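Q: There's a structure below that I have some questions on.
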Amino acid sequence: MEFSMIKEILAREPKYRLVQVNQAIFSDLAESWDEVTALPKKLRETLQAECPLEINAELSLSDDKDTAKALIRLADGKFIETVLMRHEDGRNTVCVSCMVGCPMKCAFCATGEMGLLRKLTADEIITQVLFFSRFLKKENARVGSVVFMGMGEPFLNYDNVMQAVRILNNPECFGIGARHISISTCGIFDGIRKLTTEDIAVNLAISLHAPNDEVRRKIMPVAEGYTIAELLTVIDEYIAKTRRKVMFEYLLIDGVNDTDEMARELATILKHKLCVVNLIQYNDTGAFVASSHNRMNRFKEILEKAKIEVTMRYRFGRDIKGACGQLATGRN
Ligand code: SAH
């Protein structure tokens, strides 16, 4: 889906055509220009030839139907994955990719093993949301929130990610509120700083996964370039400027980062911060063993006793390899 090209074509047309086209793409969720009968036939044909609305994707559904994963084929033949999570309360969240692969090489993540093949354009990012908007329309449901937690590091593709965010947020397009859009980063300082200057107040999540540099450096190569103390200073500046709560993601790996002592260490470094810790059970990628439920509960308890707000992420889609860290198309 090439929205930028559509805009170029419409620049030669009267202004109201863009309104009609936005309506067709984002509200009516047309899957082909043939359906958009409000437009003159000739324009429809041009659009069909130059920027078709069809999305080339294969869908897998988890057994419990909570999760759907789409393998999307891009124009250059590369593949990405996108996940739809259906929450019990009826909300629907799309987890989008921002790269084909990822250069960060986190030891626990299957996407990292692919390396970076290329970054996605804003069009390719929003195509993923469009795909699931169309899917949900058949049940009269809609996409309520979007998280940048699929393949890739959003802050190493900052401009395209933010352009996608603007289209997601635009009331004439998806109209998804900023509070329902989250960007997750492994901790790229430039991106965190730049985000404070944006006029769309999206949520920020930081993949921390360790309470000290020694442990973090073992599992996240990005941590070799700076200390957690420096990262937390950048986050303090972010919080001071935005007054927005930051989410720290912490995946629990057996024997690596899940001891009582590490929970206490984590509580100490996050004390008095405007934040929430999201504990995630490690999803198997073959590299480590997940912490037990008992261990996770104990870790949570220690943080809570220290007055740290904690959530535990509901796990989606393991049976279709659609859970965090499991996205690796095997097709590129
Ligand atoms: N690159 C971004 C976003 C992508 S991953 C980032 O690093 O934040 C989304 C989240 O899933 C991150 O917190 C990531 O560390 C986590 N994750 C990666 N592999 C995982 C695995 N095997 N099990 C559980 N969570 C994982």
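The numbering of the sequence shown is this note's numbering, which starts it at 751 and goes up by one.
Backbone N, C-alpha and C fix where the C-beta goes; we use that ideal spot for every residue, glycine too.
Remember, predicted model here, so these are calculated numbers, not experimental data.
Look at the Cβ atom of E999, then the Cβ atom of H959, and state whether they are nearer than 8 Å.
A: yes
Q: On the premise that E903 lies in contact with C936, defined as a C-beta separation below 8 Å, what is that separation, rounded to the nearest angstrom?
A: 6 Å
Q: Name the two residues that bound the continuous beta strand (DSSP E) containing N842.
A: 842-845
Q: Alpha carbon to alpha carbon, what distance is there between N1044 and M970?
A: 25 Å
Q: Just to confirm, is the Cβ distance from Q773 to L789 under 8 Å?
A: no
Q: Counting C-beta neighbours from all protein chains within 10 Å, is the total for R836 16 or more, i.e. buried, or is it exposed?
A: buried
Q: Taking 8 Å as the limit between beta carbons, can you name the residues of its chain near R892, skipping five residues before and five after?
A: N842, S883, L886
Q: I need the boundaries of the beta strand (DSSP E) containing E808, first residue and last residue.
A: Start and end: 807-811.
Q: Alpha carbon to alpha carbon, what distance is there between I756 and L797?
A: 7 Å
Q: Does the beta-carbon of C932 have 16 or more other beta-carbons within 10 angstroms, so that it is buried, or is it exposed?
A: The residue you asked about is not Cys; residue 932 is Ser in the sequence shown. By the 10 Å Cβ count, S932 comes out buried.
Q: With a threshold of 7 Å (Cβ to nearest heavy atom), would I1019 be considered close to the ligand SAH?
A: no
Q: Pick helix, strand or coil for S934, following the three-state DSSP scheme.
A: DSSP places S934 in strand when its eight states are reduced to three.
Q: Find the nearest neighbour of K991 within the set G1036, F924, R943, judged by alpha-carbon distance.
A: R943
Q: Measure the CB-CB distance between Q878 and I956 and report whether it falls below 8 Å.
A: No, these two residues do not count as a Cβ contact at 8 Å.
Q: Using 10 angstroms around the beta-carbon of K869, count the other beta-carbons present and answer buried if the total reaches 16, otherwise exposed.
A: buried
Q: How is the alpha helix (DSSP H) around R916 delimited, first residue to last?
A: 908-919
Q: State buried or exposed for N1033, treating a residue as buried only when at least 16 other CB atoms are found within 10 Å of its CB.
A: buried
Q: Who does M899 pair with in a DSSP beta bridge?
A: M899 is not bridged to any residue.
Q: Assign N890 to one of three DSSP states: helix, strand, or coil.
A: Assigned with DSSP and collapsed to three states, N890 falls in coil, not helix or strand.
Q: What does DSSP give as the partner residues of G851 in its beta bridges?
A: L866
Q: Report yes if the C-beta of E863 is less than 7 Å from at least one heavy atom of the ligand SAH; otherwise report no.
A: no
Q: Specify whether the segment 1020-1031 and the segment 842-859 touch according to this definition: at least 3 beta carbon pairs, one from each stretch, less than 8 Å apart.
A: no
Q: Between N920 and I926, what straight-line distance do the alpha-carbon atoms span, to the nearest angstrom?
A: 7 Å
Q: I need the straight-line Cα distance from V896 to E948, nearest angstrom please.
A: So the two alpha carbons sit approximately 18 Å from each other.
Q: Between Q1076 and the ligand SAH, is the CB less than 7 Å from at least one heavy atom?
A: yes
Q: The alpha helix (DSSP H) with L981 in it runs from where to where?
A: 978-992
Q: Check whether the Cβ atoms of T861 and M912 lie closer than 8 Å to each other.
A: no
Q: Less than 7 Å between C-beta atoms, sequence neighbours within five positions excluded: which residues of the same chain meet that for I1058?
A: A1017, L1020, V1027
Q: Exposed or buried, what is K819 when buried is set at 16 or more other beta-carbons lying within 10 Å of its beta-carbon?
A: buried
Q: Is it buried or exposed for E889, if we count other Cβ within 10 angstroms and need 16 for buried?
A: exposed
Q: Pick from K855, E838, C923, F905: whose alpha carbon is nearest that of D873?
A: C923
Q: May I ask whether a heavy atom of the ligand SAH can be found less than 7 Å away from the beta carbon of Y976?
A: no
Q: Is it the case that the Cβ atoms of S854 and V965 are separated by a distance below 8 Å?
A: Inspection of the sequence shows that residue 854 is occupied by Met rather than by Ser. Their beta carbons are not under 8 Å apart, which means M854 does not touch V965 by this criterion.
Q: Residues in the same chain with beta-carbon distance under 6 Å from L811, minus the five sequence neighbours each way, listed in chain order, please.
A: Contacts found: A818.
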